[in-house]
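K.L.:
In mature numbering (1 follows the signal peptide of the UniProt record, and there is no 0), the protein residues as written are -21 to -1, 1 to 529.
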């Protein structure tokens, strides 16, 4: 067969595929059940509303169109948004019908391997059953000492930083907390010491291959790490490109390192368990996972490769989310000195730097404060699901379509994209009242009855950790670590917002756009143009603050 004929055949097949996709897209839009649903207009035929999406924008749309509406994605395809508690209860409790989309699962697998976050169906159920004992109440109680020790180490690092004549110490709270939580997840996750809070030249030179791989993969501040590489996005969106566009070579090398060292750590955990030596008994999550896997019937066990695949997932899920939530906690205190003083008074009444988890849980104002942090500043803004088959989603609050017809349910077709707005539910005025966006720990003295309808994990009637079979398995870990950090740092420091090095004005902070609500510095308008704050020109996620030793 000649090259010309091959080219003709290839072109014909490509045109046929493109035509098929175009016909499917047109048909999908013409017959979409969401076509008459109210929602914002599309400013672009190509990108829909995608160029403007943000947490605050969805809140404005929710106020305008109600808890359930449609918006436009690429090529003006219809995406469903719902903050309706009845609808969300249906979605999160039917994981066989509403899964992470194939594109998201592919990207997660490329980035994290076959971890719990990337799995669905029976694979997820099997792995979740084996992992659950490692995140039980007694296991988290045993990690409290580690949480407090690393919180104290972070406190001491900030204390040693140079202060101005009035005693204020400038720190990037977000960076410090990321380092602390990196150390915690290394030790608590797989008995590995990263030494992230030790930044001397000697320590940097001693970094192991695993630490270098993790830092490059997840923590790089200068944009040189892998992160969500464009190649991952393109390969996820367009499966045909997976045979043409190679993965990021740096990503492959670092994943190979993580897998190699992970297998070594796994073997060490297995050896310790098989030896039965009580003096060297390990309580890290990897060891508990190995123990649980060994205890299962052989047919129910997972492979060593699947166990090792959980290490990057432990890291990603337990590292930046907690540091982000605690950063916002300290930001909230800086903005509300009265709340800061009231919280500190309760915490300093304790006569120890190392209380038990039960003692921490017994502090009523700390409990109310952490609940309010998780409500207003929960680190995850949203997640997404895709319908695996046609379905009808019930609604607690009906909507009226553009023809004036009232609906108490939403019909969705197979492949329908659904945005699950975690943060919007936690700040829904229909549930929490007109002051839902305000930070007020005392609201927990009287929880609204409507909050009982939120399909969460059972913690404080919040949607922060999702609900159903795919809820956050590490929510107890996150709450305990956050309480330990707040306990130690608020007892040790007074917190205030950073000041511009030129005119002394308070530096303004906003939430980043994306699934994780990271803090970042907002530029300000000066003489009609946007200018950076003096001393805070960088654009990456950060939370510059001032701390003063108590």
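C-beta atoms are modelled at their ideal positions from N, C-alpha and C, and glycine is treated no differently.
Does the distance from the CB of residue 351 to the CB of residue 311 come in under 9 Å?
P.N.:
By one-based count along the chain shown, residue 351 stands at place 372. By one-based count along the chain shown, residue 311 stands at place 332. Contact flag set, yes.
K.L.:
Among the candidates 323, 331, 290, 214, whose CA atom is the shortest distance from the CA of residue 170?
P.N.:
For the purposes of this step, residue 170 is identified with residue 191 of the chain shown, where counting begins at 1. Checked all of 323, 331, 290, 214; the closest Cα to residue 170 is 290.
K.L.:
Look at the alpha carbon of residue 147 and the alpha carbon of residue 341, and state the distance between them as a whole number of angstroms.
P.N.:
Stepping through the chain shown from its first residue, residue 147 is reached at position 168. Stepping through the chain shown from its first residue, residue 341 is reached at position 362. Going by the C-alpha atoms only, they are around 32 Å apart.
K.L.:
Looking only at C-alpha atoms, which of 356, 481, 367, 476 sits nearest to residue 500?
P.N.:
On the chain shown, residue 500 is found 521 positions in, with the first residue counted as 1. Here the closest residue by C-alpha is 476.
K.L.:
Roughly how many angstroms lie between the CA atoms of residue 231 and residue 211, to the nearest whole one?
P.N.:
Numbered from 1 along the chain shown, position 252 holds the residue referred to as residue 231. Numbered from 1 along the chain shown, position 232 holds the residue referred to as residue 211. Near 12 Å, if we compare the C-alpha coordinates of residue 211 and residue 231.
K.L.:
Looking at C-beta atoms only, is the number of pairs between the region 154 to 167 and the region 116 to 135 that lie closer than 8 Å three or more?
P.N.:
Because the criterion of three Cβ pairs below 8 Å is met, the region 154 to 167 and the region 116 to 135 touch.
K.L.:
Is there contact here, the region 59 to 79 with the region 365 to 376, by at least three beta-carbon pairs under 8 Å?
P.N.:
Touching, yes, given that three or more Cβ pairs across the two stretches are closer than 8 Å.
K.L.:
How should residue 403 be labelled, buried or exposed, when 16 other C-beta atoms within 10 angstroms of its C-beta is the threshold for buried?
P.N.:
Counting from one through the chain shown, the residue named residue 403 turns up at place 424. The residue is buried, with at least 16 neighbouring Cβ atoms inside 10 Å.
K.L.:
Find out if the Cβ-Cβ distance for the pair residue 400, residue 48 is shorter than 9 Å.
P.N.:
Taking the first residue of the chain shown as position 1, residue 400 is located at position 421. Taking the first residue of the chain shown as position 1, residue 48 is located at position 69. Contact: no.
K.L.:
In terms of residues, what are the limits of the alpha helix (DSSP H) holding residue 103?
P.N.:
Counting from 1 along the chain shown, the entry for residue 103 is found at position 124. From DSSP, the alpha helix (DSSP H) with residue 103 extends over 100 to 110.
K.L.:
Please list the segments of the beta strand (DSSP E) lying wholly inside the region 351 to 433, counting only runs of 3 or more residues, in order along the chain.
P.N.:
List check, beta strand (DSSP E) in window: 362 to 366, 370 to 379, 385 to 391, 396 to 399.
K.L.:
Would you mind sorting residue 509 into buried or exposed? The rule is 16 or more other CB atoms within 10 Å of its CB.
P.N.:
Taking the first residue of the chain shown as 1, we reach residue 509 at position 530. Flag for residue 509 reads exposed.
K.L.:
Tell me whether residue 182 sits in a helix, a strand or coil according to DSSP, three-state version.
P.N.:
By one-based count along the chain shown, residue 182 stands at place 203. Residue placement at residue 182 cannot be trusted, given a pLDDT of 49 that sits under 50; the coordinates are not used to answer.
K.L.:
Suppose you measure from the CA of residue 271 to the CA of residue 246; what does that come to, to the nearest Å?
P.N.:
Here residue 271 refers to the residue found at position 292 of the chain shown. Here residue 246 refers to the residue found at position 267 of the chain shown. Whole-angstrom Cα-Cα distance: 15 Å.
K.L.:
Enumerate, from N- to C-terminal direction, the unbroken beta strand (DSSP E) stretches of 3 or more residues contained entirely within the region 293 to 321.
P.N.:
Runs of the beta strand (DSSP E) inside the region 293 to 321: none found.
K.L.:
Count the other CB atoms within 10 Å of the CB of residue 113; is the residue buried (16 or more) or exposed (fewer)?
P.N.:
Along the chain shown, one-based indexing puts residue 113 at 134. Result: buried.
K.L.:
What three-state label does DSSP hand residue 332 in the structure shown?
P.N.:
Mapped onto the chain shown, residue 332 falls at position 353. Residue state, collapsed to three classes: coil.
K.L.:
Taking the alpha carbon of residue 95 as the reference point, which residue from 68, 35, 284 has its own alpha carbon closest?
P.N.:
To locate residue 95, count along the chain shown from 1; it is residue 116. Residue 95 has its Cα closest to that of 284, out of 68, 35, 284.
K.L.:
Return the CA-CA distance between residue 442 and residue 434, expressed in angstroms with no decimal places.
P.N.:
Counted from its first residue, the chain shown places residue 442 at position 463. Counted from its first residue, the chain shown places residue 434 at position 455. Roughly 7 Å between the two C-alpha positions.
K.L.:
If you draw a straight line from the C-alpha of residue 306 to the C-alpha of residue 385, how long is it?
P.N.:
Locating residue 306 in the chain shown gives position 327, where the first residue counts as 1. Locating residue 385 in the chain shown gives position 406, where the first residue counts as 1. The straight-line gap from Cα to Cα measures roughly 43 Å.
K.L.:
Just the Cα atoms here: how many angstroms apart are residue 520 and residue 116?
P.N.:
By 1-based counting over the chain shown, the position of residue 520 is 541. By 1-based counting over the chain shown, the position of residue 116 is 137. Spanning the two alpha carbons is a distance of roughly 32 Å.
K.L.:
Count the other C-beta atoms from every protein chain shown that fall within 10 angstroms of the C-beta of residue 446, then say buried if there are 16 or more, exposed otherwise.
P.N.:
In the chain shown, the residue the question calls residue 446 occupies position 467. Looking at its Cβ environment, which holds 16 or more other Cβ atoms inside 10 Å, residue 446 is buried.
K.L.:
Please report how far the alpha carbon of residue 481 lies from the alpha carbon of residue 360, in whole angstroms.
P.N.:
Reading the chain shown from its first residue, position 502 is the one you call residue 481. Reading the chain shown from its first residue, position 381 is the one you call residue 360. Each residue's Cα considered, the two are about 34 Å apart.
K.L.:
Tell me whether residue 236 sits in a helix, a strand or coil according to DSSP, three-state version.
P.N.:
The residue you call residue 236 lines up with position 257 of the chain shown. Three-state DSSP puts residue 236 in a helix.
K.L.:
Below 8 Å, can you find three or more Cβ-Cβ pairs linking the region 14 to 26 to the region 39 to 59?
P.N.:
Touching, per the Cβ criterion.
K.L.:
Let me check understanding here. Comparing Cα to Cα, which of 227, 408, 344, 412 lies closest to residue 317?
P.N.:
On the chain shown, position 338 is the one that residue 317 refers to. Ranking 227, 408, 344, 412 by Cα distance to residue 317 puts 344 first.
K.L.:
Opposite residue 512 in the DSSP bridges: which residues?
P.N.:
Taking the chain shown and counting its residues from 1, the one referred to as residue 512 is at position 533. Paired residues: 515.
K.L.:
Determine the extent of the alpha helix (DSSP H) in which residue 116 is found, giving its start and end residues.
P.N.:
Position 137 of the chain shown, counting from 1, holds the residue named residue 116. 116 to 138 is the extent of the alpha helix (DSSP H) around residue 116.
K.L.:
Consult DSSP for residue 151 and reduce its assignment to one of helix, strand or coil.
P.N.:
As a first step, residue 151 must be located in the chain shown, where it is residue number 172. Of the three classes helix, strand and coil, the one that applies to residue 151 here is strand, per DSSP.
K.L.:
For residue 523, does the count of other Cβ atoms within 10 angstroms reach 16, so buried, or fall short, so exposed?
P.N.:
The sequence position of residue 523 within the chain shown is 544, counting from 1. Residue 523 is buried by the Cβ-count criterion.
K.L.:
On the criterion of 16 or more Cβ atoms from any shown chain inside 10 Å, does residue 70 qualify as buried, or is it exposed?
P.N.:
In the chain shown, counting from the first residue as 1, residue 70 sits at position 91. Answer is buried; the Cβ neighbour count reaches 16.
K.L.:
According to DSSP, is residue 488 part of a helix, a strand, or is it coil?
P.N.:
As a first step, residue 488 must be located in the chain shown, where it is residue number 509. Note: residue 488 maps to strand in three-state DSSP.
K.L.:
Does the Cβ-Cβ distance between residue 109 and residue 268 come in under 9 Å?
P.N.:
Indexing the chain shown from 1 puts residue 109 at position 130. Indexing the chain shown from 1 puts residue 268 at position 289. Yes, these two residues count as a Cβ contact at 9 Å.
K.L.:
Following the continuous alpha helix (DSSP H) through residue 269, name the residue where it begins and the one where it ends.
P.N.:
Along the chain shown, read from residue 1 onward, the residue named residue 269 stands at position 290. Unbroken alpha helix (DSSP H) run through residue 269: 264 to 274.
K.L.:
For the alpha helix (DSSP H) holding residue 82, just list the boundary residues, first then last.
P.N.:
Residue numbering aside, residue 82 sits at position 103 when the chain shown is read from its first letter. Here the alpha helix (DSSP H) through residue 82 covers 81 to 91.
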